[in-house]
Structure formats: C-alpha cells, structure tokens
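Novice:
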Amino acid sequence: MKDVIGALKRLDGIDRRLRVLEKELAAFPGEAEEARRRVAAALAEVRGLDEEIKRAKLSEKGTEGEIAKNADEIRRLNGQLGSLKDQRSYDAMLGEIRTLKDKNDLLSDGALEMTMRCEEMEERRKALRAELPALERERDAALAAIEARRQEVEGTAAGLRDERGEPVAALPAAVLARYEKLLASKEGPAVARIERDACEVCYRGVPPQRIIEIRKLDKLVSCEGCGRILICE
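In the numbering used here, the protein residues as written are 24 to 256.
1. Taking DSSP as the reference, what is the three-state secondary structure of G53?
2. Would you tell me roughly how many angstroms separate the C-alpha atoms of R98 and L135, rounded to the nearest one?
3. Pairs of beta-carbons, one from the segment 112-120 and one from the segment 181-199, closer than 8 Å: are there three or more?
4. Looking only at its chain, what residues have a beta carbon closer than 7 Å to the beta carbon of L130, apart from the 5 residues adjacent to it on each side?
5. What does a CB cutoff of less than 7 Å around E159 pick up in its chain, not counting 5 residues either side in sequence?
6. Hey, quick one: how far does the alpha helix (DSSP H) through E256 stretch, first residue to last?
7. Drop a sphere of 10 angstroms on the beta-carbon of L81, count the other beta-carbons inside from all chains shown, and report buried for 16 or more, exposed for fewer.
8. Measure the beta-carbon distance from R227 to R59 and round it to whole angstroms, keeping in mind my assumption that it falls under 8 Å.
9. Ignore the nearest five residues each way along the sequence and tell me which others in V198's own chain have a CB closer than 8 Å to its CB.
10. Just to confirm the assignment, what range does the beta strand (DSSP E) spanning R216 have?
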C-alpha cells in the first residue's frame, strides 16, 4: 500500500500541475481576442465614420440644393413686388420672402454645423488611420508572444501527460478508478493533503486517530467532508 500511496502522491502532483497549465491554455483564446480587439475597434470606428461622413455630405448637398431653390424663389418674388397693385398683396409677398429667408438662415446654420461636424469626423478618421499601423504591430507582437507561450505550455502539458502514465500504471485498477472518479467529479484535486489537522481543500478537521491511520500508509482514508483521498506529507 505504501507504493500505491506514493504513486497517488506523484499522480496528484502531476495532475495539479496539469490543471494549472490547462487553465492557462484555456485562457489563450481570450488573450488573443483581446489583442485583436483594439485593431478591430479602430477599424470598426473608421468604417462607421466613413458611413457618417457619407451621409452627412449627402445631407449637406441636399441642404445646399434647398437653399439654392429658396434663393431662386426669393429672387422671383422680389421681381414681382413692383408689379403688385395693392398693399395687402404686397405685404403678403413680403411675408413669403421673409419666411423663405428665415428658412434659409436656419438651413445655413444647420449646414455650417454639419460642415464642422464633417471636419471633426474627418480629423478623427485621419488620426485613426495614422494610428492603425502601430496598433497592428502591437497586435501582431502580442499574438506572436501568446502563440509562443501557448506552444510552450502545450509542450509542458504534453510532457506531463506522458509522465502521468508511470504512476497510473503503478496503481491497482480499483484505486485508479476511484482516483479518476474523484478527479472528474470534484473541483480541484482528487487527493488532499492534511494541513493543520484539516483537509486542505474543504477544511474539514481530521481527528488525531485518523491522522495516525493515514501515516501508517497501510490503507486509503477518505475525507469525511469532501470524500477526497487524504495523505500526509
């Protein structure tokens, strides 16, 4: 049984290291996505600005056309003022002219605001386009570092998986099945060390008599709290 417990300790040590490495491997896709995010966000903003500027310029063109149309109408009405015979008609036409002028003033103010907004968007787009090469270099460097680290971790994990075969082969089938079942069903290790007279995982206290039994190395003892196999260092 002493050899069995020794194999369990070794297997547990390997699996603990594997668990750390597998968590790191699982994090790499998210890290890669984060590395791509800034470039993707900048490109998306540039595309959004392209669309906004396009719409703004179309709107500006439409406003200019409306201002020109109103100006033509103002000139036409001004040309007719002299031919009017009564004051009432004269005042009514002046009212129309004033309304059109007021409308054009509002349209001109809106067009000016739109022009200023377009200039701001174009400046922002220009700045983003200038920033993109540096962002892309940063992204590529980050992705290369992540991939290098991923390969290193995967290589270490592969070595541990190979190393795992030796303690696995040293365990009786029933003990291995018990270990693997615990490993699959528990968050964390299948084997728990006793620390300060308690299970290191669930912190359930272990009576002195059970600690003595565990130290004898003549049988496997389970934690009464979490069911893990208890060992003493």
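Glycine residues also receive a C-beta, built at the ideal position from the N, C-alpha and C atoms.
Specialist: Taking the coordinates as given:
1. helix
2. 23 Å
3. no
4. T86, E89, I90
5. V62
6. No alpha helix (DSSP H) holds E256; DSSP gives it neither H nor E.
7. exposed
8. About 45 Å; that fails the 8 Å criterion.
9. V27, L31, L243
10. 214-218
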